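A short write-up of the structure that comes next.
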Amino acid sequence: MNLSELKTPAELEDLYHPVMAEIKEVKRLSAMETYYRVELPGGEDLGHMPGQFVELSIFGVGEAPFSISSSPTLKGSFELGVRRAGMLTDVLLRQQPGTKIGIRGPFGNGIDVEKFKGKDVLIIAGGIGLVPMRSMINYVIDNRDQFGKLIICYGSKSDQDLLFTDELAQWEKDPAIDYHVTVDQGSDSWQGNTGVITTLIPGLDLDLANTVCCICGPPVMYRFALLSLKSKGFADENIYMSLERRMKCGVGKCGHCQINHSYVCQDGPVYHYPDIKSMQEAL
Amino acid sequence: MADKPRVAIFDFTGCEGCELNQLNFEDQLLDILAHVDIVEWREAMDGQVDEYDIAFVEGSLSTPDCINRINEIRRKTKVLVALGACAVQGGVNGMKNTRPIDEVRQEVYGDDKYLFPTLPALALSSVVKVDYNVRGCPMTQIEFLKVFTSLVMGKEPIEPDHSVCVDCKLKENECVYEKGMICLGPVTRAGCDAHCPSFGQYCTGCRGLVSHPNLKGMEEILVEHGLSVDEAWKRLELYNANELEGVRP
Amino acid sequence: MSTATGTNLNIKVKHLTRVEGHGNIVVNMKEGVLEKAQLEIVEAPRYFEAMLKGRSFHEAAIITSRICGICSLGHQITSLKATEQALGLEISEQTVQLRKLLIHGATMQSNLLHAYFLAAPDFLKVGSVFPLVETHPEVVVRALRMKRLANDIGDVVSGRAVHPITPVPGGFTRIPTAGELKELKRRLAEDMYPDLLATVETLKSLAGAIPQFERETEYISLRSDDDYAMYDGDICSTDTGRVPDSEYLKMSNEFVVPHSTSKHAKVNRSSFMVGALARWNNNHDRLGELAHTAADALGLKPGCCNPYMNTIAQVVEAAHCAIDSIAIIDKLLADGLKDEQPNQEPTKFGTGIGSTEVPRGILYHEYSYDRQGRVTAANCIIPTGQNLANIDDDMKKLVPEIIDKSKEEITLHLEMLVRAYDPCISCSVHMLDVDFIE
Amino acid sequence: MVQFYLEGDRISEFVAHLMKQKPVYAPHRKGQKSFSFEKTENAEDVVLDYVRTMHSIKKYFLPPREELLHFDLTKNESDPVEIPMSEAVFLGVHSYDLAAVGRLDYNFTVGSPEKNYLTRRQNAIFIGVSFEPDKFHFSGSVGIRPEDSTGCDIFLTKLFDGYVLEILTDKGQELMEGLNLPAHDAGKPATGHFHQHIFVPQAKLSEVMEHSYDNPVWEETAGKCVGCGTCNLVCPTCYCFNVEENVDITATKGSRERHWDGCMLREFSEVAGGEVFRETLAARQRHRIFRKFKYISDQTGQPWCVGCGRCTTYCTAGISIVSIVNRLIGDYERAAVAPV
Ligand SMILES: Cc1cc2nc3c(=O)[nH]c(=O)nc-3n(C[C@H](O)[C@H](O)[C@H](O)COP(=O)(O)OP(=O)(O)OC[C@H]3O[C@@H](n4cnc5c(N)ncnc54)[C@H](O)[C@@H]3O)c2cc1C
Ligand code: SF4
Ligand code: SF4
Ligand code: SF4
């Protein structure tokens, strides 16, 4: 690498300096998860694709990656869904509309929507995995004519933990969406399916040759979801999945998110399954 | 946390070096005092109160009375922070646990041993829930300040779980193994900025072990550098007798 | 309730505050007869001597330093001296000078901590130093500045003031740089000196609060021919004169009493006193000008037998330590600092004794080693333990003398008496004179 | 190209000449047996004839600890940190360390170029020096010879007394302006040989690694390795970091700081929820070695290990990267010749 070919460092942007964005709206999604709508200075668009993430920071507390939950079709602001997991998310939970937070991004390799166009789209989302998948779901809904059927399989620990319940109700009603939901353990009032998410897959009515699938959920879910898809005859090259690793930079420098040769923040978080199926550390 | 957290400081069996270390924050003491109300601290002030937000507790538990007192403190406080090796792991006091307690009492007090009841020296966490640790012998001042500011800001302090070698290397200290000494840094939890190796002394393990230590590997290193197997484990036990109970071959 | 004619008095101060460690004051007077006046030591025993057994000579001082955080340097140096004698490890003059410097730092820090943070609140009738932050900010800031400098001597020379790091058998693992020592000297001259003068002024204004009480006492301390003995010397009693430190057991007879997890001690009388006042009474002729000026200003005279004056003797000593530290630094710099490695090759394996003056009095350590350099027997005799019988004797004389005062005032006098000794209770519960050779 | 003779007793004069122009960073003695790069205050303190420093000059371009931004909590605002331009001379650099800088240049320019690193790196001037391999050096096996002057502005080759000084760039020429050294006509002496070797070239190593994912050597090494992370922290091509927030005691000001991190540490691959993706020391050891010889190398064709021998020298458990790699090669070749 010849350094002199580069711009002079003074012209380079500071990769680690966030812009200050404002929290516009906060809503409790469940006991553990909270929704935020965030606006960049001047209402500028984030310019992301479904599946991408931002690095969110609160000064003095820390920074972490969060998937963008809104579709690029939402203009003027973007949405996040955050689960309480530790120091940063704990403090984030206490923030009210009007607070400024640091945002860097969008980062990562999102869902290549071109590959999904003209095809049936199968979304498999477990728990918090719905947050990034919602970006894709809403993208498809807002661009109905470019895609085939939309099939959603969503699984959650319990009915109390279901996220975005208003939207779920709409999806359920929407005749253009084949919507399935299940909970590991339902409360007394729960009337839907119970069982882990993979129990939904065998019953799906799929046009195998013309369906592309995207999976996101907790690490254990992947192995089982893949097995079910396989037994249904689903081809590997039609599967995409979003992975999660700790990240300290988001721009391919800090090394934390590396899986074998691949940086999740650069090559992922959304991977084409054939690219990672031989990587032992991936799943 | 409320605007000015009410802080109480207690001591159990230990050398009170950790408490002294708190009085040794000469440069920060006034800032610290500006952020909290100290409501109880026997070593420095008179008086007792009924409840507090944060209790800093030094020392290990080694008499039946200690157990009652720590339970009472836990009831009265929202957050309990263990200060120093004695409170976090049992500290040097734990060494006596490696031998039968009666034998130890006999040695020190002879026939008068029955005058003074005693238990094996226990870490606070073996009796009550401990929210955060400030490790070290004496407690590490930089870590205390980190935990303290975290609590004042209402965020969780991070407890490091990597080896002292990392911090030692970040400072580019000459490794004491190079000088022909031994060192427990490779399996000891960081957070002290490799204080002892920075002064040419070996790490004695006062901050406790990392969470998944390869002790067999550590034993091999020590033996390779001239200690007998027995001596190697004795060195490891200096501060970690309780953690190593049952692990030592 | 006690009145002018009071014949009944019951005092129990549980977990006395502003002292190091856990102790209770118990006084019982029934119909004019004093049944009990004693300091009960309730600190949990820690069995250090037993912990030392079988440990390598590299670890002995690391372990004994943990007897007490306040006196950690004293224990460490004393332990090293005992180990070096037992193993025949020669040390250099530079090592001796650096150790003397460390002792000065530790003595200053401890004496000043006691005077300002633990004793001063009594003189000003408040419960702790914290209210003084509001009422006497300049005094608190000065106290912190002096303490910081005293601690910095420890931080620079030994890596850490509490549980020092660099002093090891045979020397130091790191020698301070000339630049670091010069900076300490500058601060001692420019900051400590004026602060000491100001301290004397402050104390002078409070001297009226020091109770007048006297009891003839045997005072024991180290004494040497060439300096105000701290690091080295013979054991010297005001009753019987000097003996070498090999006779330390005779000079610190220990015995177990039921009201104390710490053992008591006596020599020629029922009790004796060690500490700053004992050192003053034995060695005032070895002190320099600043210390004498301070003593004169504060009314401390040779042959003083008012235990409350121990606090004053501590301040006088702090003045000596500051001046002598400058002299030591000058000597070290003039001789040129040498990057010496500790001498850790034993030439024998036997028994050794270390005796040092630590802030609260003489400290003795004795160890025996086997041929692998492991401890086979250990004995530590701690100053606070040596003072306990004396405290009880003082209380027995004091209570009848002040029985006309209110109970609160009697209690305060008793608490102040115990605090004047600056007792270090964690230290005192770790004594033993038992061999455990198998 | 003209060669000059830098006589042994003129080295200090040479260093002083450099110091008059720019800050000089060079090897100094540190502790009893070690060396480290330090800013030179006295020309006499520079030690050109050294074995290896614990840290390479990486520490000047990617400092062990570095503030990324300052913030003011009362205003909820942050300022980027000023990064000083590096107008400095790095004197006495061994060829492998300069090669390592080249590797880092790649890492910090590929994808998103990093201002912090590149600002520091941009104007560095390098004066290399040849070295005598000790028992741990093996840079020859990865194509880096002791007399390699690639990337240097000036290069010094050790003679019996003094050095042959070659000026390689205009920057080097400028630096030498005003110091008159005699020309050196004789040739350069041969440098010493290595005591350690990796027995196949990188092109083949990638193939070896490909087949070594499940080699038992990882488990065996894990038995001795204590996971202390030393090998990562001393490696001149390791660049991973962690980021933490520092807040002052008054909780009003603070900074976001990064510091070196390492893949041998368990925490490194932990994610929220506590799961660790390389839980075993065996998996971490494999990851470390693969990062040196496969993952990045497959993209660039170069090994990401420069053969400095630091990880082996400083590993308290005595784990040798050369032994591991040769073991993998041996196992692979045996498997290849063995009948299927
Ligand atoms: C691409 C991507 C997208 C994501 N999207 C979302 C999302 O949409 N919504 C969501 O809720 N989450 C998402 N996450 C996960 C989210 O980043 C983590 O939950 C987040 O890091 C939690 O931060 P925290 O500070 O609250 O927790 P942390 O404090 O980071 O705690 C998490 C765990 O890590 C440990 N830990 C913390 N700091 C350290 C340290 N320095 N060293 C060692 N261990 C440490 C803690 O002990 C704890 O077990 C995403 C992650 C990735 C990679
Ligand atoms: S001195 Fe100790 S802590 Fe430092 S690197 Fe060496 S082994 Fe690790
Ligand atoms: S330096 Fe050695 S012991 Fe430490 S992590 Fe690396 S290989 Fe393991
Ligand atoms: S892997 Fe080891 S030998 Fe290779 S460059 Fe890094 S430290 Fe040097």
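Protein chains in written order, with numbering that gives the first Met the number 0: chain A, 0 to 282; chain B, 0 to 248; chain C, 0 to 437; chain D, 0 to 339.
Every residue gets a Cβ at the ideal spot worked out from N, C-alpha and C, and that includes glycine.
Since the model is a prediction, treat every value here as computed from it, not as a measurement.
- An exposed status is given to K13(C), since fewer than 16 other beta-carbon atoms sit within 10 Å of its beta-carbon.
- For the C-beta of T148(B), the chain D residues within less than 8 Å are, from N- to C-terminus, V246, D247, I248, A250.
- Taking all protein chains in view, the Cβ of G73(C) is crowded by 16 or more other Cβ atoms within 10 Å, so the residue is classified as buried.
- Taking C-alpha positions only, D225(C) is separated from L276(C) by approximately 20 Å.
- The shortest C-alpha to C-alpha distance from H162(C) to any of S78(C), G31(C), D393(C), D421(C) is the one to S78(C).
- Annotation: the continuous beta strand (DSSP E) that includes T350(C) extends over 350-357.
- By the rule that beta-carbons nearer than 8 Å mark a contact, L38(C) does not touch chain B.
- Boundaries of the alpha helix (DSSP H) around E242(B): 228-243.
- Distances between the C-beta of P422(C) and the heavy atoms of ligand 2 are all 7 Å or more.
- Secondary structure in the stretch 54-105 of chain B: the beta strand (DSSP E) runs of 3 residues or longer, each lying completely within the stretch, are 76-82 in chain order.
- Annotation for V80(D) indicates a beta carbon at 7 Å or more from all heavy atoms of ligand 2.
- Neighbours of S111(D) across chain A, judged by C-beta separation under 7 Å: L14, V250, G251.
- For the stretch 257-271 of chain D, the beta-carbon criterion of a distance under 9 Å to any beta-carbon of chain B is satisfied by H258, W259, D260, G261, L264, R265, E266, F267, E269.
- Given a length threshold of 4 residues, each whole run of the alpha helix (DSSP H) inside the stretch 215-258 of chain D is given here in chain order: 216-223, 229-233.
- If you check the C-beta of R333(D) against ligand 4, you find no heavy atom less than 7 Å away.
- Between R359(C) and P382(C) a beta carbon distance of about 4 Å is seen, short of the 8 Å cut, so the two are scored as contacting.
- In this structure, the beta-carbon distance from L79(B) to D10(B) does not fall below 8 Å.
- For the stretch 214-243 of chain B, the beta-carbon criterion of a distance under 9 Å to any beta-carbon of chain D is satisfied by L214, K215, G216, M217, E219, I220, E223, H224.
- Here the distance from the Cβ of C224(D) to the nearest heavy atom of ligand 4 is not below 7 Å.
- Distances from the CB of A193(B) to the heavy atoms of ligand 2 include at least one below 7 Å.
- The three-state secondary structure of E65(D), taken from DSSP, is strand.
- For V32(C), there is no enclosing alpha helix (DSSP H); the enclosing beta strand (DSSP E) covers residues 32-40.
- Nearest to I123(A) by alpha-carbon distance, out of L39(A), Y178(A), Q257(A), is Y178(A).
- Burial check for E65(D): the Cβ neighbour count within 10 Å reaches 16 or more, so the residue is buried.
- Here E86(D) is exposed. Its C-beta has fewer than 16 other C-beta atoms within 10 Å.
- Taking 8 Å as the upper bound on Cβ-Cβ separation, chain A lies near residues D104, Y105, N106, F107, T108, V109, G110, S111, P112, E113, K114, N115, L117, T118, R120, Q121 of the stretch 102-132 of chain D.
- Using a CB distance cut-off of 8 Å, D30(B) counts as an interface residue toward chain D.
- For G308(D), the CB falls within less than 7 Å of some heavy atom of ligand 4.
- Taking 8 Å as the cut-off, the Cβ atoms of I318(D) and C224(D) count as close.
- Only those residues of the stretch 55-87 of chain A whose C-beta falls short of 7 Å from the nearest C-beta of chain B are listed: G59, V60, G85, M86.
- In the structure shown, A175(A) adopts coil according to DSSP, grouped into three states.
- Listed in chain order, the alpha helix (DSSP H) runs fully inside the stretch 83-134 of chain A are 86-91, 112-115, counting runs of at least 4 residues.
- Distance between L47(D) and N325(D), taken at the CA atoms: about 32 Å.
- Closest option to K114(A), judged by alpha-carbon separation, among E280(A), V211(A), Y262(A), L225(A): V211(A).
- Residues of chain D with a Cβ closer than 9 Å to the Cβ of M152(B) are, in chain order, L72, V246, A250.
- Taking a cut-off of 8 Å for Cβ pairs, the stretch 54-69 of chain B and the stretch 178-185 of chain B do not touch, as fewer than three such pairs fall below it.
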